[in-house]
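With the sequence shown counted from 1, adding 525 to any position gets you the numbering used here.
The block underneath contains the structure these notes are about, expressed in structure tokens.
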Amino acid sequence: ARFGEFNVGAQIIVIPKDLPYTWPEIAPRNYVDEAVFAKLKKLRLVPSAICDDASFVRRAYLDLTGTLPTPEEASAFIEDHDGHKRDRLVDGLLCRKEFADLWVMKWAELLEIRSRENVVYPKGALLYFEWLRDQMQTNAPLDRIAQSLLTASGSTFRNPAATYYQSEPDTLKLAENTAQVFMGMRIQCAQCHNHPFDRWTLNDYYGFAALFAQVGRKAGDDPRETVIFDRHDGEVKHPVTHADMRPKFLGGEEPDLKGESRREALARWLTSPQNPYFARNIANIVWGHFLGRGIIEPVDDVRISNPPSNPELLDALAARLVGYHYDFKSLIRDVCASRTYQLCTAPNDTNAQDDRNFSKAPIRRIRAEVLLDCISEVTGTPDKFPGLPRGARAVEIADGNTSDYFLTTFGRATRTTVCSCEVKIDPNLSQALHLLNGDTLETKIEQGGVVKKLLQQGEKPDQIIENLYLRCLGRKPTEQEAAKLKAFFIPAAKPEQVLNDIFWSLLNAKEFVFNH
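Here's what the structure looks like:
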């Protein structure tokens, strides 16, 4: 409902009268399940069953590290009968370098880490990326990372976090990006008029932009670097009244700026209890990564007219994140330990049409960088990307301008905006045709020689098929699948060619290209 500059939202659930419903006897594993189950009970939905071990081990590896389990790792997990093995697996994956690499890539997209002609040079983009990687590898709290970025000053070469201000010199755009990255809010609509679907007014927009009006930039000793500093002048004018706007926190008060810069005041407020948006935004981003969609979706479109599908869940996750002092590994551990994360993708009679209340696991196409890394991993063919040694993974590419045909086709973010929509994970015809007819799979299968090596080691065709299934799908072939494949080994057939064809078909299977 709207009146003048006031906006109020209300969420209403409508249930068919006398709907037959029985809640099954399932116990929540933690506070995540308690919040999710409470909403499902209101909607008369029954959650799907728990996924099997083969599905979980593949899902956990992809979500936590962007890699696939090796045949040995998958077999060991499936054959392990310890009741706590899933928790142990998550703990182990959280400690891997690949976990940090995956989140460096995600934050590099939000921070638009890329070279820009005459603005950010390749060296600056690389130093910025390396700084971010160091923060992630040392598990720096996310509030401290945000504060370091917002208060960064000096040379962009000596203090790469200052590149945050080099990559976007426009004051208004910088304010918009900061609101979207750190609070999940798209305030662009309030630049010309009061936001029609949210609480933000022209005063809110330009008061927030005024916090960035005194950011100074000057050339450094190296022509490729920029020095960031705080000026003592610089204001933002209201487009209607033409008055200088007083700095004001978004949804908060006007700060007392005695003894500190506007950026320092903003950084302190952003991660303080007075700002509820920062923790909720981080929690929503984490949830969206592991459950396929945010509690608010898109994750960076927080507004009154786009409310969370489960407000209690979002509040609980945000509160835990604050309690963990912004150690997001602890929050991820809670999410992965929940029954909700471990549900299977198969629907039941009540939740077949549900796609926003987390009553079943989603089927998600693997994102471009991770998919290419997985193909290279299972085929044993290291890639070579510009600026990286041979064998480096696509998720480690520092510059958003670095890409290739495969990554472009499968929707890698160009990092030209901070919008989450930059990453494309929707399947399309071009992707299917490239896997079927392009040279990526056929070349990598031939170059890697996985089948040839297994044959040289004395492996039998049925053993090799089992190995290929484990490395591609994280499971062994069913009896029916094994029987069908066995029929291809006629006397005139060359085993290596047949096995390579099977390998190719597995890499083209939806079960490989999608995370389930």
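Where is the CB? At the ideal position from N, CA and C, for every residue including glycine.
Note that this is a predicted model, so its numbers are computed, not measured.
Sub-8 Å separation of residue i and residue j beta-carbons
i            : j           : result
residue 920  : residue 630 : yes
residue 809  : residue 709 : yes
residue 890  : residue 952 : yes
residue 688  : residue 649 : yes
residue 1028 : residue 975 : yes
residue 749  : residue 691 : no
residue 922  : residue 910 : yes
residue 906  : residue 969 : yes
residue 573  : residue 862 : no
residue 590  : residue 634 : no
residue 999  : residue 526 : no
residue 729  : residue 829 : no
residue 1041 : residue 886 : yes
residue 567  : residue 538 : yes
residue 737  : residue 795 : no
residue 806  : residue 707 : yes
residue 657  : residue 632 : yes
residue 734  : residue 761 : yes
residue 772  : residue 732 : yes
residue 637  : residue 685 : no
residue 869  : residue 540 : no
Between the CA atoms of residue j and residue i - distance to the nearest angstrom
i            : j           : result
residue 560  : residue 554 : 11 Å
residue 758  : residue 739 : 6 Å
residue 571  : residue 882 : 11 Å
residue 989  : residue 972 : 18 Å
residue 849  : residue 855 : 7 Å
residue 962  : residue 956 : 10 Å
residue 662  : residue 625 : 6 Å
residue 521  : residue 967 : Beyond the ends of the chain as shown, which are 526 and 1041, falls residue 521; an answer cannot be given.
residue 693  : residue 586 : 35 Å
residue 712  : residue 604 : 51 Å
residue 1021 : residue 892 : 31 Å
residue 774  : residue 819 : 25 Å
residue 1042 : residue 802 : A question about residue 1042 goes unanswered here, because the residues of the chain that appear run from 526 up to 1041.
residue 812  : residue 982 : 44 Å
residue 866  : residue 588 : 11 Å
residue 1045 : residue 755 : Residue 1045 lies beyond the stretch modelled for the chain, which goes from 526 to 1041, so this question has no answer here.
residue 474  : residue 678 : Since the first and last residues shown for the chain are 526 and 1041, residue 474 lies out of range.
residue 839  : residue 994 : 38 Å
residue 580  : residue 602 : 11 Å
residue 822  : residue 569 : 22 Å
residue 618  : residue 916 : 20 Å
residue 1019 : residue 583 : 31 Å
residue 660  : residue 852 : 12 Å
residue 552  : residue 782 : 51 Å
Proximity winner among the options, relative to residue i (alpha-carbon distances)
i            : options                  : result
residue 533  : 1000, 877, 946 and 831   : 831
residue 639  : 949, 987 and 938         : 938
residue 1011 : 991, 776 and 587         : 991
residue 799  : 762, 814, 847 and 657    : 847
residue 548  : 876, 577 and 886         : 876
residue 671  : 780, 714 and 793         : 793
residue 681  : 791, 867 and 752         : 752
residue 1025 : 1016, 1008, 1006 and 986 : 986
residue 931  : 668, 660, 895 and 1009   : 895
residue 1038 : 1005, 1006 and 950       : 950
residue 996  : 597, 558 and 580         : 597
residue 788  : 673, 917 and 584         : 673
residue 529  : 704, 718, 581 and 580    : 718
residue 726  : 993, 935, 531 and 815    : 531
residue 501  : 797, 609 and 716         : Lying outside 526 to 1041, the shown extent of the chain, residue 501 is not represented and no answer is given.
Where residue i sits in the DSSP three-state scheme
i            : result
residue 989  : helix
residue 793  : helix
residue 613  : helix
residue 709  : coil
residue 692  : coil
residue 528  : strand
residue 1039 : strand
residue 679  : strand
residue 670  : helix
residue 818  : coil
residue 538  : coil
residue 811  : helix
residue 787  : helix
residue 641  : strand
residue 533  : coil
Checklist entry - Curious, which full-length alpha helix (DSSP H) runs of at least 4 residues does the stretch 824-890 contain? => result 836-848 and 853-862
Item to check | Runs of beta strand (DSSP E) wholly within the stretch 742-770 (minimum 3 residues, chain order) | outcome: 751-755
Item to check | Complete alpha helix (DSSP H) runs within the stretch 907-967 (minimum length 4 residues, chain order) | outcome: 930-934 and 954-962
Checklist entry - Where in the stretch 536-606 do unbroken runs of the beta strand (DSSP E), each at least 3 residues long, occur, reported from the N-terminal end onward? => result none
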